[in-house]
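Quick note: to get the numbering used here, add 2 to the position in the sequence shown (first position is 1). Each residue gets a CB set at the ideal place from its N, CA and C atoms; glycine is no exception. Since we're looking at a predicted model, the values are computed, not measured.
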Amino acid sequence: MLPIKAILALLLTALVWSDSSSARSGIDLHWLWDDRCLGCHGHSADFARAMLHVEEGELRGVHHETDLRTFLHNHYLAGMEVDAVYRMLMAQARTPPRFSEECRRCHDSAVDLVRESAELRDGVLYSRKSGRVMREFLDGHRHLDAADAAFFDELLTRIASEVYRP
Numbered sequence: 003m004l005p006i007k008a009i010l011a012l013l014l015t016a017l018v019w020s021d022s023s024s025a026r027s028g029i030d031l032h033w034l035w036d037d038r039c040l041g042c043h044g045h046s047a048d049f050a051r052a053m054l055h056v057e058e059g060e061l062r063g064v065h066h067e068t069d070l071r072t073f074l075h076n077h078y079l080a081g082m083e084v085d086a087v088y089r090m091l092m093a094q095a096r097t098p099p100r101f102s103e104e105c106r107r108c109h110d111s112a113v114d115l116v117r118e119s120a121e122l123r124d125g126v127l128y129s130r131k132s133g134r135v136m137r138e139f140l141d142g143h144r145h146l147d148a149a150d151a152a153f154f155d156e157l158l159t160r161i162a163s164e165v166y167r168p
């Protein structure tokens with residue numbers, strides 16, 4: 003008999019997949035991190051910025067300088083999206099914490115904003131409420147200039163591709 007925690011994880015995974023659009027078949031990487039890693043390592047972006055760095059195009063850890071993919075495989079992600087989580091952590095390690103510094107007063111987290119307010123269609127992020135292209139909405143939002151709007155659009159689009167995976 004399966005332990006209750008395993009049963010709940012399977013049910014939640016089924017719910018996440020059944021609630022997704024038809025174009026989505028991969029698991030939400032942020033949900034996977036929160037389910038498998040959050041308890042010990044905290045938020046994935048905070049962890050990536052504090053404990054990881056990119057060197058010669060490879061993600062390196064403070065404690066695991068080489069072969070981080072094997073470590074991820076052996077550390078709660080066995081057979082589960084190791085390469086995708088690796089790419090997510092690499093992107094987070096390279097991205098400054100501007101969302102938490104500039105947007106958290108109104109938005110809890112970038113991933114929550116994406117899940118609640120955005121949808122990804124053919125690689126373009128749209129507002130779920132208005133149907134507008136998110137980049138158009140971001141131009142001028144909270145006095146963002148064009149470079150800031152481009153940064154946040156790229157960030158939110160990347161996160162959407164990690165949440166709504168093909």
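Residue j beta carbon less than 8 Å from that of residue i
i: L61; j: A95; result: yes
i: M90; j: E164; result: yes
i: V87; j: L158; result: no
i: V56; j: M92; result: yes
i: D85; j: R71; result: yes
i: F153; j: R100; result: yes
i: A148; j: D141; result: yes
i: H32; j: S46; result: yes
i: R137; j: A151; result: yes
Range covered by the alpha helix (DSSP H) that runs through residue i
i: L157; result: A148 to V165
i: V84; result: V84 to R96
i: L70; result: L70 to N76
i: S102; result: R100 to E104
i: R107; result: That residue, R107, is in no alpha helix (DSSP H); it is neither H nor E in DSSP.
Which listed residue (the options) has its alpha carbon closest to that of residue i
i: A120; options: G63, F139 and C105; result: F139
i: G28; options: H45, H55, H145 and M82; result: M82
i: D114; options: E104, A162 and H145; result: A162
i: V126; options: H32, H145, R160 and D110; result: R160
i: L74; options: V116, H43 and R134; result: H43
i: C39; options: R117, R167, T68 and Y78; result: Y78
i: C105; options: L146, S132 and R117; result: L146
i: R51; options: P98, Y166 and E67; result: P98
i: R167; options: L122, R137, R130 and H143; result: L122
Limits of the unbroken beta strand (DSSP E) element including residue i
i: V126; result: V126 to S129
i: V56; result: L54 to E57
i: E60; result: E60 to G63
Reduced DSSP secondary structure (H/G/I, E/B, other) of residue i
i: G44; result: coil
i: L122; result: strand
i: A16; result: Low local confidence applies: a pLDDT of 46 at A16 is under 50, so the model's placement there is unreliable, with the coordinate-based value given in what follows. Three-state DSSP puts A16 in a helix.
i: W35; result: helix
i: G133; result: coil
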